[in-house]
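Chemist: The structure's right below; bear with me while I get my questions together.
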Amino acid sequence: MKYIAHIGRDNDQTQLLSDHLTTVRDMCEEWGRSIGLSHVCGLAGWLHDCGKYTDEFQSYILRAHNGDPKAVPGIVDHSSAGGFYLIQCIEKYKDVTGLANQQPAKLLAELVGNAIFAHHNPNGALDYIGEVSQLGGDNQFVLKDTLPFSKRVEKCQSEDYQKMYNEIRPRFFAEFDESVFEQYYKAALDEIAAIDIIELLNNQYFYLRFILSTLIDADHTNTADFEMQIADREFRNNNKILADYYQINETAVAQQAKSNKKIQNEQLKKLNELRQKMSDACVNLNSEDAGIYTLSVPTGGGKTLSSLRFGLNHAKKYGTERLVYIVPYTTIIEQNADVIRKRLNGSTEDSTNILEYHSAVVGDFKTAKVDESVGDSAYYYARDTWDSPIILTSQVAYLDALYGKGSKNIRHMHRLVNSVLIFDEIQAMPMKCLGLNNLAMSWLSQEKTTSLLCTATQPVLEGILDGVTVKGEIVPNLSTVEQAFKRVEIMPDLKKQYDLSELMNLVNHRLEKVRSLLVILNTKAAVKKAYQTFEAGNDAVKYHLSTSMCQKNRQYKFQQIRKDLRQSDIKKVVVFSTNLIEAGVDLSFEAVIRSAAGLDSVIQAAGRCNRNHETDMAQVNLIKTTSDLENMSGLNQIKKAADITETIAHDKTNLMTAPIINNFFEQLYNHDERNKSELKYPLNIKDTQLDLYHIVRGNIVDEGEVPSGQLLERREQRALAPSTTDFTVASQIVTKCFNVIDSPTTDVIVEYSMDDEKFSGTSGDTESHDIITQLLSEQSKFGDVSKLLKAARPYTVSVYDGALKKLQEEGAVQYYENQDIWVVLKSAYSPEFGLGGNELNPDEFMF
């Protein structure tokens with residue numbers, strides 16, 4: 034008898050279970066090799082679906098394909114069998130493993146068994162100790178007296194599961210040679226035994242997440258290949274691609290140096306020479322093979338191309354598999370992607386080998402009534418895998434890969450190993466995530482990953498909690514470089530508060546002397562109000578920018594702003610924006626007005642002023658606003674940062690120097706006990722004082738304790754354990770409680786057309802409408818789904834869950850359960866203001 038793993042969504046073709054297990058095993062083995070766990074990960078792939086050998090599952094998959102409404106995903110448990118078999122292997126193979134100590138076998142069963150148990154669970158690996166559940170719709174959790182992993186093991190030891198095991202085992206070994214499996218298992222034990230036990234327990238969260246990540250990625254990739262009828266997947270040779278890109282980039286660097294010598298404008302010529310020196314420093318660094326480095330290039334210093342050069346040079350020297358750009362705002366992804374595509378592929382439109390990952394568009398089917406995600410849905414498996422040699426993604430997506438829930442996030446984590454992580458504007462990472470990121474960077478640096486922290490306002494990460502080891506600053510003589518790059522003066526005016534009328538007076542006053550002006554305010558509502566109030570007249574043009582707009586909408590605005598800035602001798606240009614424009618947007622204004630914020634934001638705003646040394650020295654006005662203009666309730670962190678900026682901002686103080694920036698961050702991180710606690714990511718779990726930092730971090734070296742000490746103590750006091758585990762990490766407490774953004778958001782697809790823009794001159798732009806129509810079509814083939822979801826990303830807006838509910842009530846958005854996507858009605862989107870148009874308060878609705 035032939036056993037089935039999957040049946041095609043678009044046809045009746047079947048994938049044999051033995052073929053699926055073999056391919057997934059081989060993929061996991063290849064990816065696990067990067068941290069010396071090829072057979073450990075391969076074992077997870079080999080056994081993950083062996084529960085499908087039962088008659089019950091074979092009947093279920095046929096009934097599900099034929100449309101039986103009772104054959105719902107998760108009704109048959111196929112994900113427990115492989116983990117249960119590994120527990121049986123502890124006794125079964127103890128005489129042939131050659132290991133006097135059986136601890137590696139137990140560790141292997143707990144690690145790989147957990148990954149197999151959880152490979153369809155959107156919350157990831159099961160907790161070894163502790164479990165939380167949410168209290169109502171609130172963001173508070175309660176700790177339960179259950180141990181999920183031990184509970185699953187106990188369930189597997191029942192009489193029913195023993196019968197299932199007796200059914201599965203002979204069928205599995207009828208298709209696979211048991212002696213080969215035995216040797217494979219022994220090789221996996223040797224890999225576990227080779228890891229220092231303290232190192233393994235201290236970093237158990239990351240090892241477990243890595244194994245699960247390889248399994249989910251391999252499982253989804255092979256399933257998608259089957260659906261798309263890709264018989265033999267050709268994996269990219271990332272090392273060769275990056276080596277070729279290195280040569281292309283070095284040729285471009287040499288050509289740029291020649292072009293710079295021909296520039297007539299002496300100030301721009303000098304600025305480009307400084308940028309060239311920053312770039313050269315990135316390849317002249319005598320770096321080791323992996324570690325954490327800082328690149329403190331002043332704003333306008335050519336950070337994007339300098340960091341690209343660093344990454345390509347590092348990949349060439351040490352065989353790194355990929356470069357991952359991690360940025361705080363989607364606008365930076367958009368611009369950096371254009372710069373890199375043009376440099377390496379010759380065109381901003383050519384995305385070959387360069388993945389621009391904004392968001393997932395679809396979720397993990399939150400409406401599912403069972404723990405297991407939707408079975409063979411095209412929208413479940415059709416996710417982008419991070420297999421490209423160059424990836425540009427957001428801080429949210431990066432942190433979710435490490436700590437977030439959902440298979441779409443977990444599958445990305447293993448791609449961070451043996452990579453160069455380029456953190457663009459690292460200072461913009463949320464404070465509560467800094468400690469967790471330190472832990473991740475430290476572990477990844479042990480696994481051949483180098484992190485480059487890029488910003489003009491370098492945070493003091495070494496002083497946060499246990500800190501990180503920074504091996505060096507790339508920029509030589511930083512204070513001299515800062516002075517050489519100085520093109521802007523920040524002028525604090527913080528003794529008075531500007532209302533809307535006084536802000537308009539200041540805008541008009543500045544426009545008497547300059548032809549282009551950027552006004553950055555802290556809230557979308559304030560930006561919208563100021564934009565609507567300003568009277569452009571016939572001699573000026575005004576623009577409104579916010580994250581209420583989709584990427585395509587913002588891109589069009591940026592193009593028009595650039596065009597108008599080049600023609601500023603005809604009309605004055607005034608842009609009103611949130612902080613989305615502060616980083617990674619290559620626009621240069623003659624003057625900037627910035628409402629009070631953290632010094633890092635103020636300096637980034639200054640980076641949009643006199644960017645290419647158009648004048649000798651430009652000015653940035655730093656002002657305070659009234660609460661009527663900017664309602665800062667709920668923005669406590671921005672207000673605290675603004676207060677610190679005010680205490681260090683003196684009339685004659687140059688705010689744009691490393692000592693002043695260090696002073697700002699030291700005060701910010703130690704502002705009060707709440708800020709200090711925030712760095713640990715405190716949890717809102719009733720009657721506990723837990724934090725994510727100490728759940729993820731092991732602490733057994735000094736005190737002889739184990740990670741998650743409070744949880745372990747609870748386990749012992751209440752005698753909770755049906756079986757005691759060596760591992761103690763509570764992975765699902767992490768995934769259930771972790772959110773980069775305090776208020777959860779959902780991506781909705783909007784229908785935006787450039788035809789609706791004033792003076793666009795376009796006609797027939799129906800791309801977003803066509804994408805939505807095809808996504809909702811029942812005729813869409815599996816192979817089209819991934820392409821459509823990718824094409825939909827530029828047309829998405831992130832909205833708070835409360836906003837989503839209100840939009841639903843107003844009939845402005847509709848959820849499509851089969852596709853797991855949200856689509857906004859065309860009438861609810863305005864090209865001028867984005868989602869909500871003129872009707873909604875954007876600060877209440879949009880992230």
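Residue numbers (my numbering): 34 to 880.
Ideal Cβ placement from N, Cα and C applies to all residues, glycine included.
All figures in this text were calculated on a predicted structure; none of them were measured in a lab.
1. Using alpha carbons as the reference points, say which of N154, T799, S166, I108 lies closest to L716.
2. I'd like to know whether the C-beta atoms of A587 and S621 end up nearer to each other than 8 Å.
3. Hey, out of G41, T247, G570, whose CA is closest to W79's CA?
4. Between which residues of its own chain and A638 is the CB-CB distance below 7 Å, once the five residues before and five after are set aside?
5. Using beta-carbon positions only, say whether Y390 and L345 come within less than 8 Å of one another.
6. Can you list, in chain order, the residues of its chain with a C-beta nearer than 6 Å to that of Q46? Leave out the 5 residues immediately preceding and following it.
7. Of the residues Q48, Q297, L168, which one's Cα is nearest the Cα of T256?
8. Check the C-beta distance from V372 over to L338 and give it rounded, since I have them as a contact under 8 Å.
9. Going by DSSP, what residues sit across from P509 in a beta bridge?
10. By DSSP's criteria, R58 is part of a beta bridge. Which residues make up the other side?
11. Using 10 angstroms around the beta-carbon of I149, count the other beta-carbons present and answer buried if the total reaches 16, otherwise exposed.
12. For the stretch 543 to 590, list the alpha helix (DSSP H) runs that are entirely contained and at least 4 residues long, ordered along the chain.
13. Specify whether the stretch 375 to 384 and the stretch 449 to 458 touch according to this definition: at least 3 beta carbon pairs, one from each stretch, less than 8 Å apart.
14. Work out the CA separation of S786 and S801 for me, nearest whole Å.
15. Less than 8 Å between the beta carbons of L76 and A251, yes or no?
16. Starting from N695, trace the alpha helix (DSSP H) both ways and give me its first and last residue.
17. Could you check the C-alpha separation between Q491 and E535 for me, to the nearest Å?
18. Are the beta-carbon atoms of V330 and C583 separated by less than 8 Å?
19. Give, in chain order, every unbroken run of the alpha helix (DSSP H) that is at least 4 residues long and sits entirely within the stretch 787 to 861.
20. Are the beta-carbon atoms belonging to F243 and M446 less than 8 Å from one another?
21. Inspect the beta-carbon positions of S427 and I366 and report whether they are closer than 8 Å.
22. What span of residues does the beta strand (DSSP E) with Q221 cover, start to end?
23. Where do the N-terminal and C-terminal ends of the beta strand (DSSP E) with D526 fall, by residue?
24. If you draw a straight line from the alpha carbon of L241 to that of R355, how long is it in whole angstroms?
25. How many Å lie between F398 and D853 at the Cα?
26. Quickly, what does DSSP pair S427 with across the bridge? List them, please.
27. Taking M689 as the reference, which of K504, F205, G333 has the closest Cα?
28. Suppose contacts are defined by Cβ-Cβ distances below 8 Å. Is L477 in contact with L449 by that definition?
29. Do you know how far the Cα of T566 is from the Cα of K350?
30. Please go through the same chain and pick out, in chain order, the residues whose beta-carbon is closer than 6 Å to the beta-carbon of K881, but skip the five residues on each side of it.
31. Unbroken beta strand (DSSP E) runs of length 3 or more, entirely within the stretch 599 to 624: which are they?
32. Note down the Cα distance separating G737 from P422, rounded to an integer number of angstroms.
33. Mapping DSSP to helix, strand and coil, what is N282?
34. Does DSSP put K35 in a helix, a strand or coil?
35. Looking at F697 and the ligand ATP, is the gap between the Cβ and the nearest heavy atom below 7 Å?
36. Mind the definition here: the stretch 472 to 487 touches the stretch 511 to 521 only if three or more C-beta pairs lie below 8 Å; say whether that holds.
Modeler: Considering the structure as presented:
1. The sequence position of residue 716 within the sequence shown is 683, counting from 1. With distances taken between Cα atoms, L716 lies closest to S166.
2. Counting from one through the sequence shown, the residue named residue 587 turns up at place 554. Counting from one through the sequence shown, the residue named residue 621 turns up at place 588. In the sequence as presented, Ala is not what sits at residue 587; that position holds Arg. Taking the C-beta atoms as reference points, S621 is found no nearer than 8 Å to R587.
3. Walking along the sequence shown from the start, residue 79 turns up at place 46. The shortest C-alpha to C-alpha distance from W79 to any of G41, T247, G570 is the one to T247.
4. What you label residue 638 is simply residue 605 of the sequence shown in a count that begins at 1. Cβ neighbours of A638 beyond the five flanking positions: I553, E615, V625, R627, V653.
5. Position 357 of the sequence shown, counted from the first residue, corresponds to residue 390. Position 312 of the sequence shown, counted from the first residue, corresponds to residue 345. No.
6. Walking along the sequence shown from the start, residue 46 turns up at place 13. Residues of the same chain with a CB within less than 6 Å of the CB of Q46, apart from the 5 flanking positions on each side, do not exist.
7. Here residue 256 refers to the residue found at position 223 when the sequence shown is read from its first residue. T256 has its Cα closest to that of Q48, out of Q48, Q297, L168.
8. Numbered from 1 along the sequence shown, position 339 holds the residue referred to as residue 372. Numbered from 1 along the sequence shown, position 305 holds the residue referred to as residue 338. Contact holds; Cβ gap of about 7 Å.
9. Reading the sequence shown from its first residue, position 476 is the one you call residue 509. Answer by DSSP bridge pairing: none, since P509 is not bridged.
10. The residue labelled residue 58 in the question sits at position 25 within the sequence shown. None, per the DSSP bridge assignment.
11. Stepping through the sequence shown from its first residue, residue 149 is reached at position 116. Residue burial annotation: I149 is buried, with at least 16 other C-beta atoms found within 10 angstroms of its C-beta.
12. Segments of the alpha helix (DSSP H) lying fully in the stretch 543 to 590: 557 to 566.
13. Cβ pair count under 8 Å is below three, so no.
14. Within the sequence shown, numbered from 1, the residue matching residue 801 stands at position 768. Within the sequence shown, numbered from 1, the residue matching residue 786 stands at position 753. Cα-Cα distance, rounded: 7 Å.
15. On the sequence shown, residue 76 is found 43 positions in, with the first residue counted as 1. On the sequence shown, residue 251 is found 218 positions in, with the first residue counted as 1. Taking 8 Å as the Cβ cut-off, L76 and A251 do not qualify as a contacting pair.
16. Taking the first residue of the sequence shown as position 1, residue 695 is located at position 662. Its alpha helix (DSSP H) spans residues 691 to 702.
17. In the sequence shown, counting from the first residue as 1, residue 491 sits at position 458. In the sequence shown, counting from the first residue as 1, residue 535 sits at position 502. Straight-line Cα distance between these residues: approximately 34 Å.
18. Your numbering for residue 330 matches position 297 in the sequence shown. Your numbering for residue 583 matches position 550 in the sequence shown. Cβ atoms of V330 and C583: not closer than 8 Å.
19. With a minimum length of 4 residues, the continuous alpha helix (DSSP H) runs that stay inside the stretch 787 to 861 are 800 to 809, 815 to 825, 834 to 842.
20. Along the sequence shown, read from residue 1 onward, the residue named residue 243 stands at position 210. Along the sequence shown, read from residue 1 onward, the residue named residue 446 stands at position 413. Going by C-beta atoms, F243 is nearer than 8 Å to M446.
21. Translated into positions along the sequence shown, residue 427 becomes position 394. Translated into positions along the sequence shown, residue 366 becomes position 333. The Cβ atoms of S427 and I366 lie closer than 8 Å to each other.
22. Numbered from its first residue, the sequence shown carries residue 221 at position 188. It is worth fixing the name first, because residue 221 is Ala in this sequence and not Gln. Careful: A221 lies outside any beta strand (DSSP E), inside the alpha helix (DSSP H) at 211 to 226.
23. On the sequence shown, residue 526 is found 493 positions in, with the first residue counted as 1. Annotation for D526: the continuous beta strand (DSSP E) segment containing it runs 521 to 531.
24. Your numbering for residue 241 matches position 208 in the sequence shown. Your numbering for residue 355 matches position 322 in the sequence shown. Going from the Cα of L241 to the Cα of R355 covers about 22 Å.
25. Start at 1 with the first residue of the sequence shown, and residue 398 comes out as number 365. Start at 1 with the first residue of the sequence shown, and residue 853 comes out as number 820. Low local confidence applies: a pLDDT of 40 at F398 is under 50, so the model's placement there is unreliable, with the coordinate-based value given in what follows. Their Cα atoms are separated by approximately 6 Å.
26. Locating residue 427 in the sequence shown gives position 394, where the first residue counts as 1. DSSP, once it has assigned bridges, lists V360 as partnering S427.
27. Reading the sequence shown from its first residue, position 656 is the one you call residue 689. Comparing Cα-Cα distances from M689 to each of K504, F205, G333, the minimum goes to G333.
28. Here residue 477 corresponds to residue number 444 of the sequence shown, with the count starting at 1. Here residue 449 corresponds to residue number 416 of the sequence shown, with the count starting at 1. Taking 8 Å as the Cβ cut-off, L477 and L449 qualify as a contacting pair.
29. Working through the sequence shown from its first residue, we reach residue 350 at position 317. Working through the sequence shown from its first residue, we reach residue 566 at position 533. Annotation: K350 to T566 spans about 56 Å, alpha carbon to alpha carbon.
30. Since the first residue shown for the chain is 34 and the last is 880, residue 881 is missing from the structure and cannot be characterised.
31. The stretch 599 to 624 contains these whole beta strand (DSSP E) runs: 605 to 610.
32. Within the sequence shown, residue 737 is the residue found at index 704, counting from 1. Within the sequence shown, residue 422 is the residue found at index 389, counting from 1. Caution is warranted here: a pLDDT of 41 is assigned to G737, below 50, making its placement in the model unreliable, and the coordinate value is therefore given only provisionally. In a straight line, the C-alpha of G737 is about 41 Å away from that of P422.
33. Translated into positions along the sequence shown, residue 282 becomes position 249. Under the three-state reduction of DSSP output, N282 falls in the helix class.
34. Sequence index remark: in the sequence shown, residue 35 carries index 2 (1-based). Three-state DSSP puts K35 in coil, outside helix and strand.
35. The ligand ATP is absent from the structure shown, which contains no ligands of any kind.
36. Touching, no, given that fewer than three Cβ pairs across the two stretches are closer than 8 Å.
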